[in-house]
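Trainee:
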Amino acid sequence: MRGDVRALAEISRLARLATAGAIPEAIRRCRRAAAQHGATHFALFFTGRGIGSAKLVHCFDEEFPGVSKNTAAIVAAGSDSLSRHAAQSALPACWSMADETAGTFVTCLGQELTAAPGLALPVSADSGQTGLFVFTGEALSLDDVQALHLICYEIFASVAVLRTGSASSASAVSKRELECLKLTAAGRTSEDIARILGLSVHTANQYLTSAGAKLDAVNRMQAVAKAIRLGLIE
Amino acid sequence: MRERVERFPIEWIATAPERAQEWSTPYVDGLSGPLTREILARALREVCGAAGAAQFCLADLSRSHAEEPPKVLSSNWSFDAIDMIGTASIELLHQSSYATPLGQTPRAFAPGWTGPGLRVIDERTAALFQEFGHEELFLLKLRAGARRGVCMLSGPAGSMGRDQLQRAHITLNYLLSRYLEDQECGSTDPLSERERECLFWVSEGKTTQEIAVILGVSGNTVNKYIVSSIQKFGAGNRAMAIAVAIRAGVI
Numbered sequence: 090m091r092g093d094v095r096a097l098a099e100i101s102r103l104a105r106l107a108t109a110g111a112i113p114e115a116i117r118r119c120r121r122a123a124a125q126h127g128a129t130h131f132a133l134f135f136t137g138r139g140i141g142s143a144k145l146v147h148c149f150d151e152e153f154p155g156v157s158k159n160t161a162a163i164v165a166a167g168s169d170s171l172s173r174h175a176a177q178s179a180l181p182a183c184w185s186m187a188d189e190t191a192g193t194f195v196t197c198l199g200q201e202l203t204a205a206p207g208l209a210l211p212v213s214a215d216s217g218q219t220g221l222f223v224f225t226g227e228a229l230s231l232d233d234v235q236a237l238h239l240i241c242y243e244i245f246a247s248v249a250v251l252r253t254g255s256a257s258s259a260s261a262v263s264k265r266e267l268e269c270l271k272l273t274a275a276g277r278t279s280e281d282i283a284r285i286l287g288l289s290v291h292t293a294n295q296y297l298t299s300a301g302a303k304l305d306a307v308n309r310m311q312a313v314a315k316a317i318r319l320g321l322i323e
Numbered sequence: 066m067r068e069r070v071e072r073f074p075i076e077w078i079a080t081a082p083e084r085a086q087e088w089s090t091p092y093v094d095g096l097s098g099p100l101t102r103e104i105l106a107r108a109l110r111e112v113c114g115a116a117g118a119a120q121f122c123l124a125d126l127s128r129s130h131a132e133e134p135p136k137v138l139s140s141n142w143s144f145d146a147i148d149m150i151g152t153a154s155i156e157l158l159h160q161s162s163y164a165t166p167l168g169q170t171p172r173a174f175a176p177g178w179t180g181p182g183l184r185v186i187d188e189r190t191a192a193l194f195q196e197f198g199h200e201e202l203f204l205l206k207l208r209a210g211a212r213r214g215v216c217m218l219s220g221p222a223g224s225m226g227r228d229q230l231q232r233a234h235i236t237l238n239y240l241l242s243r244y245l246e247d248q249e250c251g252s253t254d255p256l257s258e259r260e261r262e263c264l265f266w267v268s269e270g271k272t273t274q275e276i277a278v279i280l281g282v283s284g285n286t287v288n289k290y291i292v293s294s295i296q297k298f299g300a301g302n303r304a305m306a307i308a309v310a311i312r313a314g315v316i
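Sequences listed follow chains A and B, in order.
So the first sequence is numbered by my numbering: it starts at 90 and just counts up by one.
So the second sequence is numbered by my numbering: it starts at 66 and just counts up by one.
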């Protein structure tokens, strides 16, 4: 049941993104990059750990807004191994490649996800989100994987910005509120914060309450978690 | 910090000049087998040279314990420089807008810059940076899976080009990833699955009673899981445990 709700939220989010024009632009760049490296299929997934085991969340592929058969096959066969790889490594992983020794840093996935050779490139954005680009194609070449990977990082940065939806209200968090959040994240109590910043305990609590409201958090723990995930505090 | 960035015209923030120079790292390209500390140091020296930088400092920023300082994995700085400048300054710079994530054009930071701009480090540290030859420096954010790192490339002003730096950036990220995997220090996940689940729900703002309902266990059990995860992270309370866990990429 919870999965259905999530899927619906995901669809409406993607619909919003599609109209924004950023996704089509990302797909155009991806298609160009794929063609240059001999790939006929490409896909981008969001990875990351929510609850339970890690999963691949489909973002787009060559048949956007639909999902291509190739992508479905990759998810069915490699959801586990690909998300495990993305959670541990930044290195490209390949399968069914003839010239697997071509790249110094290219690792072998040890599982053939598609009949055609494939390449998976883990990416991350400054906001802390992680993703995985997958390219497959009979003529896929490992020449200059680094250049392709760099482009993937650039594309992902533009896509990940869209996904951080609540960043606008979060930017209104004041400097003083951030200081209080930072100290809370360092394990300080309201009394400690009041002493360190030279405020009254009441004022310190007030700052934390208003920061929580701006971040749409129900309590201190969630406010700290959101502030870190949004990159407001390190 | 964020607000201040926006108040300054963008042209005051220098980006690296474009330079059509050859990128060549034969040693790194020829690497095979496990990446030891010695091989890493040699590889970094080559990447540093290919980028036109004189000095490098690669640090691992992911910590599994609250009190842990950032760990320098490899550097060609003199001992005095690391001792006097300290890793705290690198961490300060890493948190500033000068640090570049992959996929962005690297941004130069000049410690000697006295005009308007961001004051990230104090004057004493800025003087130390210059004294040890860090006239212009670039902070490249690295990330391998859940682990974070940073590499600082520095040298004489104008010696590093944009294309070279971006190439260096991805190569450094690969090197860090390979190194951490080979060293088997990739296990920043000390929590059990149940503890991780509990901590995740706490970070979503759920109370003990709510988590107990979600997971179908008693409130005491939930508290037990949370307390043990707080202890494993060396944190003082729930909020701190969450902060450490998110930084370590556990939740």
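Here a beta-carbon is modelled for each residue, glycine too, at the ideal position from N, C-alpha and C.
Keep in mind the model is a prediction, meaning the values are calculated, not measured.
1. Counting only Cβ pairs nearer than 8 Å, list the residues of chain A close to Y92/B.
2. Cβ closer than 9 Å: which chain B residues qualify as neighbours of L239/A?
3. So, helix, strand or coil for E103/B, using DSSP?
4. Within 10 angstroms of the Cβ of H234/B, are there 16 or more other Cβ atoms? Answer buried if so, exposed if not.
5. Is T114/A close to chain B, meaning its C-beta is less than 8 Å from at least one C-beta of that chain?
6. Can a CB atom of chain A be found closer than 8 Å to the CB of A30/B?
7. Mapping DSSP to helix, strand and coil, what is S257/B?
8. On the three-state DSSP scale, how would you describe T136/A?
9. If you measure beta-carbon to beta-carbon, which residues of the stretch 208-223 of chain B are closer than 8 Å to chain A?
10. How big is the Cα-Cα spacing for R309/A and G214/B?
11. Give me the residue from M217/B, E196/B, F194/B and Q195/B with the minimum Cα distance to F203/B.
12. Indicate whether at least one CB of chain B lies closer than 8 Å to the CB of A179/A.
13. With a CB to CB cut of under 6 Å and the five nearest residues on each side skipped, what residues in its chain are close to S168/A?
14. Give the residues of chain B in contact with V146/A, contact being defined as C-beta atoms less than 8 Å apart.
15. Measure how close the beta-carbons of A314/A and I311/B come, nearest whole angstrom, since I'm counting them as under 8 Å.
16. Going by other Cβ atoms of all chains shown within 10 Å of its Cβ, with 16 needed for buried, is N285/B buried or exposed?
17. Taking 8 Å as the cut-off, does the stretch 172-186 of chain A touch the stretch 208-217 of chain A (at least 3 CB pairs, one atom from each stretch)?
18. Against chain A, does M305/B count as a neighbour if the rule is that its beta carbon must be under 8 Å from one of theirs?
19. Between which two residues does the alpha helix (DSSP H) carrying H147/A extend?
20. Just to confirm, are T129/A and G220/A a CB contact at a threshold of 8 Å?
21. Check the Cβ of N308/A against every Cβ in chain B and list those closer than 7 Å, keeping chain order.
22. Taking only the alpha-carbon atoms, compute the straight-line gap between N302/B and Q296/B and give it to the nearest angstrom.
23. Which runs of the beta strand (DSSP E) fall wholly inside the stretch 188-269 of chain A and span at least 3 residues, in chain order?
24. Cα-Cα, which of F298/B, S293/B, C263/B and E269/B is closest to V282/B?
25. Is A316/A helix, strand or coil by DSSP?
26. Go ahead and label K303/A buried or exposed: buried means 16 or more other beta carbons lie within 10 angstroms of its beta carbon, across all protein chains shown.
27. Do three or more CB pairs link the stretch 149-167 of chain B to the stretch 220-234 of chain A at distances below 8 Å?
28. So, are the CB atoms of I163/A and A123/A less than 8 Å apart?
29. Out of curiosity, what's the CA-to-CA distance linking E201/A and L180/A?
30. In angstroms, rounded to a whole number, what distance separates the CA positions of R259/B and F265/B?
31. Which first and last residues belong to the alpha helix (DSSP H) in which K158/A is found?
32. Where do the N-terminal and C-terminal ends of the beta strand (DSSP E) with A209/B fall, by residue?
33. For the candidate residues R277/A, H238/A and A283/A, whose alpha-carbon lies nearest to that of A308/B?
34. Hey, how far is the Cα of G199/A from the Cα of W184/A?
35. DSSP puts V215/B in a beta bridge; with which residues?
36. So with Cβ pairs under 8 Å, would you call N302/B a contact of chain A?
Mentor: Taking the coordinates as given:
1. To locate residue 92/B, count along the second sequence from 1; it is residue 27. Simply none; closest approach about 10 Å.
2. In the first sequence, the residue the question calls residue 239/A occupies position 150. Proximity of chain B to L239/A at the Cβ level (cut-off 9 Å) is accounted for by L167, G168, Q231, R232, H234 and I235, in chain order.
3. Residue mapping note: residue 103/B aligns to position 38 of the second sequence, counting from 1. Correct three-state label for E103/B: helix.
4. Stepping through the second sequence from its first residue, residue 234/B is reached at position 169. Answer is buried; the Cβ neighbour count reaches 16.
5. Translated into the one-based positions of the first sequence, residue 114/A becomes position 25. One point to set straight first is that residue 114/A is Glu, not Thr, in the sequence displayed. The Cβ of E114/A sits no closer than 8 Å to any Cβ of chain B.
6. Because chain B in this structure spans residues 66 to 316, residue 30/B falls outside the shown range and cannot be described.
7. To locate residue 257/B, count along the second sequence from 1; it is residue 192. Look at S257/B here: in three-state DSSP terms it is coil, with no helix or strand label.
8. Within the first sequence, numbered from 1, the residue matching residue 136/A stands at position 47. When DSSP states are grouped into helix, strand and coil, T136/A belongs to the strand group.
9. For the stretch 208-223 of chain B, which is checked against every Cβ of chain A, the residues closer than 8 Å are R208, A209, G210 and A211.
10. As a working mapping, residue 309/A is identified with position 220 in the first sequence. As a working mapping, residue 214/B is identified with position 149 in the second sequence. The C-alpha of R309/A lies about 28 Å from the C-alpha of G214/B.
11. Here residue 203/B refers to the residue found at position 138 when the second sequence is read from its first residue. In terms of Cα proximity to F203/B, the closest of M217/B, E196/B, F194/B and Q195/B is M217/B.
12. By 1-based counting over the first sequence, the position of residue 179/A is 90. True, the Cβ-Cβ gap to chain B drops below 8 Å.
13. Within the first sequence, residue 168/A is the residue found at index 79, counting from 1. A distance below 6 Å between beta-carbons, with the five flanking residues on each side excluded, links S168/A to the following residues of its chain, in chain order: L145.
14. Here residue 146/A refers to the residue found at position 57 of the first sequence. For V146/A, none of the residues of chain B pass the 8 Å Cβ criterion, the least Cβ distance being about 17 Å.
15. By one-based count along the first sequence, residue 314/A stands at place 225. By one-based count along the second sequence, residue 311/B stands at place 246. About 6 Å separates the beta carbon of A314/A from that of I311/B, a gap short enough to meet the 8 Å contact definition.
16. The count along the second sequence starts at 1 and reaches residue 285/B at position 220. N285/B counts as exposed, since fewer than 16 other beta carbons sit within 10 angstroms of its beta carbon.
17. A contact exists between the stretch 208-217 of chain A and the stretch 172-186 of chain A.
18. Numbered from 1 along the second sequence, position 240 holds the residue referred to as residue 305/B. By this cut-off, M305/B is an interface position.
19. One-based indexing of the first sequence puts residue 147/A at position 58. Annotation: H147/A is outside any alpha helix (DSSP H); the continuous beta strand (DSSP E) that includes it extends over V146 to D150.
20. Here residue 129/A corresponds to residue number 40 of the first sequence, with the count starting at 1. Here residue 220/A corresponds to residue number 131 of the first sequence, with the count starting at 1. No, Cβ-Cβ distance for T129/A and G220/A is not below 8 Å.
21. On the first sequence, position 219 is the one that residue 308/A refers to. Neighbours of N308/A across chain B, judged by C-beta separation under 7 Å: G270.
22. Here residue 302/B corresponds to residue number 237 of the second sequence, with the count starting at 1. Here residue 296/B corresponds to residue number 231 of the second sequence, with the count starting at 1. Answer to the nearest angstrom: the Cα atoms are 9 Å apart.
23. Runs of the beta strand (DSSP E) inside the stretch 188-269 of chain A: 207-213 and 219-225.
24. The sequence position of residue 282/B within the second sequence is 217, counting from 1. Looking at the Cα atoms, C263/B is the closest of the given residues.
25. Residue mapping note: residue 316/A aligns to position 227 of the first sequence, counting from 1. It is helical.
26. Position 214 of the first sequence holds residue 303/A. With 16 or more other Cβ atoms within 10 Å, it is buried.
27. Three or more beta-carbon pairs separated by less than 8 Å are not found between the stretch 149-167 of chain B and the stretch 220-234 of chain A, which leaves the two stretches without contact.
28. Sequence index remark: in the first sequence, residue 163/A carries index 74 (1-based). Sequence index remark: in the first sequence, residue 123/A carries index 34 (1-based). Going by beta carbons, I163/A and A123/A fall outside the 8 Å limit.
29. The residue you call residue 201/A lines up with position 112 of the first sequence. The residue you call residue 180/A lines up with position 91 of the first sequence. The straight-line gap from Cα to Cα measures roughly 17 Å.
30. Working through the second sequence from its first residue, we reach residue 259/B at position 194. Working through the second sequence from its first residue, we reach residue 265/B at position 200. Using only the alpha carbons, I get a separation of about 10 Å.
31. Here the question's residue 158/A lines up with position 69 in the first sequence. Looking at the DSSP string, the run of the alpha helix (DSSP H) that includes K158/A is K158 to Q177.
32. As a working mapping, residue 209/B is identified with position 144 in the second sequence. Its beta strand (DSSP E) spans residues E201 to A209.
33. Walking along the second sequence from the start, residue 308/B turns up at place 243. The candidate whose alpha carbon is nearest that of A308/B is R277/A.
34. Taking the first residue of the first sequence as 1, we reach residue 199/A at position 110. Taking the first residue of the first sequence as 1, we reach residue 184/A at position 95. Between G199/A and W184/A, the C-alpha separation is close to 7 Å.
35. One-based indexing of the second sequence puts residue 215/B at position 150. V215/B has A124/B and K206/B as its beta-bridge partners, per DSSP.
36. Working through the second sequence from its first residue, we reach residue 302/B at position 237. Yes, N302/B lies at the interface with chain A (some Cβ there is under 8 Å from its Cβ).
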